[in-house]
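Asks: There's a structure below that I have some questions on.
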Ligand code: SF4
């Protein structure tokens, strides 16, 4: 049976999805990357960014400030001191925003897994859309990860930023548990 309210609502949802798809298409083809150099794996970024591998062929470029960046690339292990800055950087980025964890240190602490000063799981503090395995990952692996992220954005599958919004209490509790104090919410949300 014809229901004008339901049909109008459905049309709006379809239109929204279409616009989201178009926006995701353009986002995926023009990505600004904030590179947070925390560990030794960062040495693989210069060849990735320069003529040998040339990440600009993917429509990606480096960005100096998190406020205008789309992707946060964390290249290595995190101490309490650096984790705090990573969280501040992530909070300053505009939605939608994406995170790549680079190297085994971001996944499980890597060779520093039992250090008193190392955070072993990046995704306990901010959402990670994609990890690059290895210690240290080669530029080919980084380019492959960028390709994968672009495909994920186009398909609407890179939704870590939404997960962060929906589960903010969980992330914030982990942040406070490890750092004792995080002033992110006070400074950027209130
Ligand atoms: S994963 Fe390996 S290369 Fe990367 S920061 Fe850790 S120890 Fe260094």
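Residue numbers (this note's numbering): 620 to 809. Heads up, the beta-carbon is just placed ideally off N, CA and C, and yes, glycines get one too.
(1) Roughly how many angstroms separate the alpha carbons of residue 739 and residue 729, rounded to a whole number?
(2) Entirely within the region 740 to 776 and at least 3 residues each: give me those beta strand (DSSP E) ranges in chain order.
(3) Identify, in the order they occur along the chain, each residue of the same chain with its Cβ nearer than 7 angstroms to the Cβ of residue 643, setting aside the five sequence neighbours on each side.
(4) Is there contact here, the region 665 to 679 with the region 706 to 723, by at least three beta-carbon pairs under 8 angstroms?
(5) Report the partner residues of residue 690 according to the DSSP bridge assignment.
(6) Taking the alpha carbon of residue 763 as the reference point, which residue from 686, 719, 746 has its own alpha carbon closest?
(7) Take the Cβ of residue 809 as the centre, count every other Cβ of all protein chains shown within 10 Å, and call the residue buried at 16 or more, exposed below.
(8) Specify whether the region 786 to 802 and the region 662 to 670 touch according to this definition: at least 3 beta carbon pairs, one from each stretch, less than 8 angstroms apart.
(9) Given a cut-off of 8 angstroms on the beta-carbon distance, is the pair residue 732 and residue 693 in contact?
(10) With a cut-off of 8 angstroms on the beta carbons, I'd call residue 651 and residue 688 a contact; round off their distance for me.
(11) Please classify residue 723 as buried or exposed, where buried requires at least 16 other C-beta atoms within 10 Å of its C-beta.
(12) Count the other CB atoms, across all protein chains shown, that sit within 10 Å of the CB of residue 779; report buried if there are 16 or more and exposed otherwise.
(13) Residue 779 lies in the alpha helix (DSSP H); which residues open and close that run?
(14) Buried or exposed: which applies to residue 695, given that a residue is buried once 16 or more other Cβ atoms fall within 10 Å of its Cβ?
(15) Closer than 7 angstroms: is that where the CB of residue 660 sits relative to any heavy atom of the ligand SF4?
(16) Tell me the residue span of the alpha helix (DSSP H) that contains residue 668.
Replies: On the basis of the supplied data:
(1) Residue 739 and residue 729 have their C-alpha atoms spaced approximately 8 angstroms apart.
(2) As far as the region 740 to 776 is concerned, its whole beta strand (DSSP E) runs of at least 3 residues are 749 to 751.
(3) 772, 773, 775
(4) no
(5) 652, 717
(6) Ranking 686, 719, 746 by Cα distance to residue 763 puts 719 first.
(7) In this predicted model, residue 809 has a pLDDT of only 49, less than 50, meaning its place in the structure is not dependable; the value taken from the coordinates is given anyway. With fewer than 16 other Cβ atoms within 10 Å, it is exposed.
(8) no
(9) The criterion of a C-beta distance shorter than 8 angstroms is not satisfied by residue 732 and residue 693.
(10) 5 angstroms
(11) buried
(12) So residue 779 ends up on the buried side.
(13) 779 to 785
(14) Counting other Cβ atoms within 10 Å of its Cβ, residue 695 reaches 16 or more and is therefore classed as buried.
(15) yes
(16) 664 to 668
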